[in-house]
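Chains as they are written, first to last, in the working numbering: chain F, 1 to 125; chain R, 126 to 250.
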DNA sequence: CCAACCTTGACACAACCGTGGTAAGGTTGA
DNA sequence: TCAACCTTACCACGGTTGTGTCAAGGTTGG
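Okay, structure coming up:
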């Protein structure tokens, strides 16, 4: 079969067979299959499984965090949007009177909604 | 009080008061407090609350995703580790015999652990 | 002063995550 | 052939997320 079966892979990587299937369903590591449908883990997969374990353990992450990181890599629109939110635009114009800021920022919000003229380029999945 | 109280903020942002406290506990938006302890939302917070809603809704994200994105920004070691895992080192040398690959990749694993000498250059945000 | 509003803390609940099991049935390889 | 292993599909269970509600008590502002 040229590669490890799921239980062998489990043993050498520290995951359980159950979790290997789960990791696969999460879209992180998808081994090729034998003709009969058996999962076959090659050295690459084994290595990635080990480093994945380290990664999650050392930084208190979950599988979905990695999934999200992949999305950040693959969807530039998403990455930009998230970055922009986090790197929050502080500083509203100082000259806006306190009594006006509600109107001001609502108007701004409206501007942002009304005027999406720049068609952000989409990268099809 | 110069600012909106939690229920007022809820109304203009589309969140519920409950969720505003939740968002705060998640470390995403922490309004200042009145002397008596009331949350006071200024225009900045309101704007961020609105854009946060859009962000989450349009991309099917959760609050923890944003928290994770913040960690990616603030912890370069984490960012690098995640990026390196995702951008997986594929391609093992073709000349490694099939019968040897297990030993080969374990050795590699060991090399990676033992020898972290090259401080990869950091791309500051 | 006092109605209206806020605070924290708790109970509740559906949905999902990470994990383990088990059952019914197909694959492998000696 | 056949034991040993694999597959998918389920049940289960504690923990977390997102959300609402309610109680007991403090704050605000007219």
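Glycine is no exception: its CB is placed at the ideal position from the N, C-alpha and C atoms.
The shortest C-alpha to C-alpha distance from residue 203(R) to any of 83(F), 77(F), 57(F), 76(F) is the one to 57(F). DSSP lists no beta-bridge partner residue for residue 79(F).
Against chain R, the CB of residue 63(F) has no partner CB under 8 angstroms away; the residue lies outside that interface. At least 8 angstroms separates the beta-carbon of residue 138(R) from that of residue 186(R). Taking all protein chains in view, the Cβ of residue 65(F) is crowded by 16 or more other Cβ atoms within 10 Å, so the residue is classified as buried.
Taking 8 angstroms as the CB threshold, residue 195(R) lines the interface with chain F. For the segment 161-183 of chain R, residues whose beta-carbon sits nearer than 7 angstroms to a beta-carbon of chain F comprise 168, 169, 171, 172, 173, 175, 176, 177, 180. The beta carbon of residue 157(R) does not come within 8 angstroms of any beta carbon belonging to chain F, so the residue lies off that interface. Straight across, the Cα-Cα distance linking residue 149(R) with residue 82(F) is about 18 angstroms.
With respect to residue 29(F), residue 194(R) sits apart: the two C-beta atoms are not nearer than 8 angstroms. One finds 82, 85, 86 in chain F with Cβ atoms closer than 9 angstroms to the Cβ of residue 191(R), taken in chain order. Annotated three-state conformation of residue 29(F) is coil, per DSSP. In the three-state reduction of the DSSP assignment, residue 49(F) falls in the helix class. Under DSSP, residue 197(R) forms no beta bridge with any residue. Rounded to whole angstroms, the Cβ separation of residue 20(F) and residue 40(F) is 12 angstroms, and the two are not in contact under 8 angstroms. Residues of chain F whose Cβ lies closer than 7 angstroms to the Cβ of residue 198(R) are, in chain order, 86. Counting only Cβ-Cβ distances below 7 angstroms, residue 203(R) has contacts in chain F at 59, in chain order. Excluding residues up to 5 positions away in sequence, 6, 7, 10 lie with their Cβ nearer than 6 angstroms to the Cβ of residue 17(F) in the same chain. DSSP places residue 134(R) in the uninterrupted alpha helix (DSSP H) bounded by 131-138.
In this structure residue 151(R) does not touch residue 177(R) by the C-beta definition: roughly 10 angstroms separates them, more than the 8 angstroms allowed. About 6 angstroms separates the beta carbons of residue 49(F) and residue 15(F), which is inside the 8 angstroms limit, making them a contact pair. In terms of Cβ geometry, residue 192(R) and residue 128(R) do not form a close pair [threshold 8 angstroms].
Here residue 166(R) carries a strand assignment [DSSP, helix/strand/coil]. Ranking 169(R), 126(R), 200(R), 201(R) by CA distance to the CA of residue 161(R) puts 126(R) first.
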